[in-house]
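Remarks on the structure that follows.
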Amino acid sequence: MNISNRQLQAFICVAKCATFAEAAEKMFITQPALSSAIKKMETELGGTLFTRTTRKVELSPEGAVFLPVALRLMNDWEEAFADLHTLFSLGRGKLAIAAMPSFAAGQLPKILQLYQVQFPNIKLSIADIVMESVYKEVREGRVEIGFTFEHERQEGTIFFPLFTDHFMVIFPSQHPLSKLENIEWQDIVAYPFVAMNKDSAMRGWIERHVQELGFSLNVVAEAGQLATLGQFVSHGLGVSVVPCLCKQQMLGSGMHSLELKNSGLSKQVGMIQSSRRNLSAAGEAFWQWVIDNIQSFH
Numbered sequence: 002m003n004i005s006n007r008q009l010q011a012f013i014c015v016a017k018c019a020t021f022a023e024a025a026e027k028m029f030i031t032q033p034a035l036s037s038a039i040k041k042m043e044t045e046l047g048g049t050l051f052t053r054t055t056r057k058v059e060l061s062p063e064g065a066v067f068l069p070v071a072l073r074l075m076n077d078w079e080e081a082f083a084d085l086h087t088l089f090s091l092g093r094g095k096l097a098i099a100a101m102p103s104f105a106a107g108q109l110p111k112i113l114q115l116y117q118v119q120f121p122n123i124k125l126s127i128a129d130i131v132m133e134s135v136y137k138e139v140r141e142g143r144v145e146i147g148f149t150f151e152h153e154r155q156e157g158t159i160f161f162p163l164f165t166d167h168f169m170v171i172f173p174s175q176h177p178l179s180k181l182e183n184i185e186w187q188d189i190v191a192y193p194f195v196a197m198n199k200d201s202a203m204r205g206w207i208e209r210h211v212q213e214l215g216f217s218l219n220v221v222a223e224a225g226q227l228a229t230l231g232q233f234v235s236h237g238l239g240v241s242v243v244p245c246l247c248k249q250q251m252l253g254s255g256m257h258s259l260e261l262k263n264s265g266l267s268k269q270v271g272m273i274q275s276s277r278r279n280l281s282a283a284g285e286a287f288w289q290w291v292i293d294n295i296q297s298f299h
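The opening residue of the sequence shown carries number 2 in this note's numbering; numbering runs sequentially from there.
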């Protein structure tokens, strides 16, 4: 069935008017053009929609049955495009974001608070997951935007750097390292070390850096989350090295920390999106808004 929106409009207009001439005037078209549109519609449907006399036009029985349906279809059509316009104009929408826990607990709340002041009708869904999972969720399309460290393997994603994060050493409050003003890597490797699990990027970064310096780590415990690693350290299992990004989270566990200045170990923190699919209007607006307002939240 090939009935156009314009033909549906013509049918409704004629149904509401006394004559084709009146309907043609309201639609700003000629009467022959209007008659042709109705005739084509009737041919497509296989029957007449109107009975015509010299003085007026009336709905046929079938036309009278179809009129409320046509009105509903036209209303649904207009509502659908109005809803789509609202989405494009950011009057309404949804945005799924993933962030590694240290960023989700640190910078992200301020970003979201400032964003929603400007775009209050966008509903946000946040997944706080480990860095590797952030990349996976973005690649597979379950979230549009991720906040994470820059990864060596970025296939299928676009990375935009926001700032550089350095690393710090963490240790219990009564640990011998607390007596030092400046801590070097040779000081750290002298003690038992608590590390992230072996398949994590962070574990790889730290171990490669230590090996390049000619040292090795005495790993006594492993964790899958930085929060768990922090608890291990706070209970005296060993010392560890973590991003400064999670400093507030670590100090909340009763530990001491000291930034490893000039340590040669630092990483970019940024946003990622898929390189294989376009962002939604809400996602595109969020991406650009973060870029434009970096200084406001870092």
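For every residue, glycine included, the Cβ atom is placed at its ideal position computed from N, Cα and C.
Taking C-alpha positions only, Ser258 is separated from Pro193 by approximately 16 Å. Gln212 and Leu125 have their C-alpha atoms some 42 Å from each other.
Look at the beta carbons and you see the segment 271-287 touching the segment 146-164: at least three pairs across the two are nearer than 8 Å. According to the DSSP assignment, Gln289 belongs to the alpha helix (DSSP H) that extends over Ala282 to Asp293. The residue from Gln8, Ile207 and Val66 with its alpha-carbon nearest to that of Glu45 is Gln8. Under the Cβ criterion (8 Å, minimum of three pairs), the segment 15-27 counts as touching the segment 56-63.
The bridge partners DSSP lists for Thr149 are Gly271.
Ile30 sits away from Ala71, with the two beta carbons spaced by 8 Å or more. Note that the C-beta distance between Ser241 and Ala196 is below 8 Å. Distance from the CA atom of Gly205 to the CA atom of Leu74, rounded to whole angstroms, is 59 Å. Nearest Cα to Phe168 within the set Lys95, Met251, Asp129 and Arg140: Met251.
Assignment of beta-bridge partners to Arg53 by DSSP yields Val58. By the neighbour-count criterion, in which 16 or more other beta carbons inside 10 Å mark a residue as buried, Ser276 falls on the exposed side.
For Cys245, the closest of Ile127, Leu261 and Glu145 by C-alpha to C-alpha distance is Leu261. The straight-line gap separating the alpha-carbon atoms of Leu238 and Asp200 is approximately 21 Å. The beta carbon of Gln117 lies closer than 8 Å to those of Ile123 and Leu125 in the same chain, with the five residues before and after it left out. For Asp188, no beta strand (DSSP E) run applies; the uninterrupted alpha helix (DSSP H) run containing it begins and ends at Trp186 to Ile189, by DSSP. In this structure Thr49 is in contact with Glu43, their Cβ atoms being roughly 6 Å apart against a cut-off of 8 Å. Less than 8 Å divides the Cβ of Val190 from the Cβ of Phe216. Between the beta-carbon of Gly142 and that of Ala282 there is about 16 Å, and that puts the pair past the 8 Å contact cut.
Looking at the backbone, the Cα of Asn294 and that of Cys247 are separated by about 22 Å.
From the listed residues Val221, Leu163, Met101 and Gln10, the smallest Cα separation to Phe67 is found for Gln10. Taking C-beta atoms as the reference points, Glu145 and Gly47 fail to come closer than 8 Å.
Residue pairing by DSSP places Thr165 opposite Gln269 in a beta bridge.
Rounded to whole angstroms, Val291 and Gly107 show a C-alpha spacing of 15 Å. Under DSSP, His210 takes part in no beta bridge, so it has no partner. The continuous stretches of alpha helix (DSSP H) do not include Gly94, which lies in the beta strand (DSSP E) extending over residues Gly94 to Ala100. A distance of 8 Å or more separates the beta carbons of Leu227 and Pro121. An exposed status is given to Phe164, since fewer than 16 other beta-carbon atoms sit within 10 Å of its beta-carbon.
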